[in-house]
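Data first, discussion second: the structure below is written as structure tokens.
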Amino acid sequence: MNKLIYFILLIISIILLLRRIKPYVETFVESQMNSPKMYSILPSLQDSWIGASLNSISSNGNIKMTTSLPSKLWTPPLSYSFTDDKYIILHLNYSKDDMALLGCGVKLINGKQHWKLYKKTNKNPMTKWLEVNSNESISSTLYDKDGVLLGIHSENGQIYKKTSSILGSNWKGPVNFDISMSKIYFDRDGIMIGIGKNDNKLYKKNGYFWNKDKWDKQLINNQKLIDLVLDYDGCFIGLTDNGLVKQQNPGFLSPFKKYDIDFVVKDKQATTFDEIIKSRCGFIPQINNIASEVEHLDDELKQLVNFKKMQKSQCKNRAKLVKNAFGLEYDENSKLFKNIELRNQEISQLNSQINILEDIILQ
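Sequential numbering of the sequence shown, starting at 1, is according to the numbering used here.
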């Protein structure tokens with residue numbers, strides 16, 4: 001009888017132990033299979049990528065790093081991911097002045113979104129966020145070509161601009177009222193592109209001067225996006241509700257495909273760190289002193305940064321060089337660049353058909 005009681009107690013103990021372990025096992029498996037949904041990504045100063053996640057926010061924060069985007073393996077949240085007042089950073093940029101992270105943070109107060117602008121203490125992404133004066137509700141930022149910060153208003157989706165190059169100056173706007181956007185960037189030719197606030201599609205300005213040119217309502221990439229960044233091969237990487245996507249060929253109208261470890265780029269255009277930051281953040285980074293000033297970088301990473309410094313683009317103003325080379329003058333009604341994009345789209349479609357035919361023949 002005693003043996004039976006001991007056996008029953010042993011079975012109960014094992015069941016209780018398994019029930020206690022099970023939640024941790026499930027959490028581990030789930031976290032490995034479902035990668036974080038990223039809301040904003042940037043190339044970091046450490047030859048890797050840094051991003052703000054949306055679905056894996058924990059008590060420790062939501063700013064993470066990875067050495068490979070298609071791997072879907074991100075580090076645990078970095079120290080001081082959250083602001084002291086518990087705003088969640090959902091848009092990342094760099095400060096033009098010192099390459100410290102610049103972030104737009106949001107917090108729900110009485111059921112309404114409140115946005116603030118923040119900046120890291122220095123280049124180290126694990127330092128504290130410091131609040132920057134912001135008289136408007138700005139949800140994403142981009143530097144203008146004159147070095148003054150632009151921002152997208154969280155409610156009306158219009159472009160606002162700081163009154164001076166001083167980061168703490170007031171916002172003024174809307175400037176050039178047009179289609180509402182959620183985020184804005186520059187393409188490699190210096191023309192502004194943006195993600196539509198209402199449809200998440202990719203738009204492009206009609207010309208070089210964003211403050212007077214309108215968003216083209218015909219030249220639209222229909223891929224629905226959350227964020228966008230240029231990669232080192234010249235193709236855009238996009239964030240979507242269903243994960244990462246990437247272009248197989250450079251070009252505004254080039255379609256996006258699922259970006260995983262099996263992804264293959266068909267047409268590459270070598271792109272430097274400078275060009276990526278210019279497109280994503282709006283300025284050419286002053287990286288001469290980055291390696292020597294970032295204390296948290298080890299010697300190997302400093303060498304990588306110095307190598308990038310040697311890769312500086314020889315074409316910092318590609319748009320100007322193109323115009324000078326071909327003797328082009330800016331024409332507000334010119335359809336030249338639209339025709340180029342449309343021709344690129346036709347070429348991409350032909351290439352896709354050729355690839356399909358090749359696959360059929362090789363079968």
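Positions of the beta carbon are idealized from the N, C-alpha and C atoms, including for glycine. Here the structure is a predicted model, which means the values were calculated and not measured.
Residue span of the alpha helix (DSSP H) that contains residue i, given as start and end
i, result
"Ile277", "Phe273 to Cys281"
For residue j and residue i, the rounded distance between their alpha carbons
i, j, result
"Leu150", "Trp171", "8 angstroms"
"Ile109", "Trp115", "10 angstroms"
"Lys214", "Asn176", "8 angstroms"
"Leu117", "Ile261", "35 angstroms"
"Pro77", "Lys120", "15 angstroms"
"Gln45", "Ser182", "Checking the sequence shown, residue 45 turns out to be Leu, not Gln. Those two C-alpha atoms are separated by around 25 angstroms."
"Asp98", "Asn124", "11 angstroms"
"Gly147", "Met126", "26 angstroms"
"Tyr203", "Thr75", "33 angstroms"
"Lys37", "Pro43", "17 angstroms"
"Leu225", "Thr240", "5 angstroms"
"Phe263", "Val132", "40 angstroms"
"Lys197", "Ala270", "31 angstroms"
"Phe209", "Ile191", "8 angstroms"
"Ile152", "Ser48", "27 angstroms"
"Lys320", "Arg188", "Below a pLDDT of 50, predicted positions are generally treated as unreliable, and Lys320, at 48, falls in that range; the measurement from the model is reported next regardless. In a straight line, the C-alpha of Lys320 is about 11 angstroms away from that of Arg188."
"Asp84", "Leu142", "24 angstroms"
"Ser53", "Lys246", "18 angstroms"
"Phe256", "Pro250", "10 angstroms"
"Leu130", "Leu244", "30 angstroms"
"Leu205", "Gly103", "As written in the sequence, residue 205 is Lys, which differs from the Leu given in the question. Going by the C-alpha atoms only, they are around 25 angstroms apart."
"Lys212", "Gly51", "32 angstroms"
"Ile166", "Tyr94", "14 angstroms"
"Val265", "Phe273", "18 angstroms"
"Leu101", "Asn122", "8 angstroms"
"Ser79", "Gln218", "44 angstroms"
"Lys128", "Leu230", "27 angstroms"
"Arg280", "Tyr39", "14 angstroms"
"Asp371", "Gly194", "The structure shown does not extend to residue 371, since the chain is modelled only from 1 to 363, so the question has no answer here."
"Asn237", "Leu253", "The sequence as given places Ile at residue 237; Asn does not occur at that position. In a straight line, the C-alpha of Ile237 is about 13 angstroms away from that of Leu253."
"Gly111", "Asp233", "42 angstroms"
"Thr66", "Pro285", "21 angstroms"
"Asp199", "Ser180", "10 angstroms"
"Ser139", "Leu92", "10 angstroms"
"Ile184", "Gln248", "22 angstroms"
"Ile159", "Glu275", "23 angstroms"
"Asp178", "Phe82", "33 angstroms"
"Gln223", "Ser169", "35 angstroms"
Bounding residues of the beta strand (DSSP E) (the contiguous stretch that carries residue i)
i, result
"Leu202", "Leu202 to Lys204"
"Ser40", "Met38 to Pro43"
"Tyr94", "Ile88 to Tyr94"
"Ile109", "Leu101 to Ile109"
"Ile50", "Trp49 to Ser53"
"Ile237", "Phe236 to Thr240"
"Leu117", "Lys112 to Lys120"
"Met65", "Ile63 to Thr66"
"Val229", "Asp227 to Leu230"
Outcome for residue i when other beta-carbon atoms lying within 10 angstroms are tallied against a minimum of 16
i, result
"Gln113", "exposed"
"Glu155", "exposed"
"Tyr330", "Here Tyr330 scores only 45 on pLDDT, less than 50, and its place in the model should not be relied on; the value that follows carries that caveat. Counting Cβ neighbours within 10 Å, Tyr330 comes out exposed, since fewer than 16 surround it."
"Leu163", "The sequence shown places Thr at residue 163, not Leu. When all chains shown are included, Thr163 counts as exposed."
"Asn242", "exposed"
"Asn135", "exposed"
"Asn221", "buried"
"Asp216", "buried"
"Ser71", "exposed"
"Leu73", "exposed"
"Ser68", "exposed"
"Gly207", "buried"
"Asp144", "buried"
"Lys86", "exposed"
"Asn55", "exposed"
"Asn62", "buried"
"Asp227", "buried"
"Ser59", "exposed"
"Gly105", "buried"
"Asn333", "Confidence at Asn333 is low in this model, with a pLDDT of 48, below 50, so its placement is unreliable and the value that follows should be read with caution. Under this definition Asn333 is an exposed residue."
Bridge partners - residue i, DSSP secondary structure assignment
i, result
"Phe256", "Gln247"
"Leu210", "Here residue 210 is Trp; the residue named in the question, Leu, does not match the sequence. Trp210 pairs with nothing; no bridge assigned."
"Asn221", "Leu202"
"Trp215", "Lys205"
"Trp74", "Looking at the DSSP assignment, Trp74 forms no beta bridge with any residue, so it has no partner."
Residue i CB to nearest heavy atom of the ligand GTP below 7 angstroms
i, result
"Phe236", "As far as ligands go, the structure on display features none, and thus does not contain the ligand GTP."
Neighbour flag for residue i against chain C, beta carbons, 8 angstroms
i, result
"Pro76", "Reference to chain C is not applicable here, since this structure consists of a single protein chain."
Exercise. In chain order, which beta strand (DSSP E) runs of at least 3 residues are fully inside the stretch 131-197?
Worked result: Those beta strand (DSSP E) runs which fall completely within the stretch 131-197 and span 3+ residues are 138-143, 149-153, 159-162, 181-186 and 192-196.
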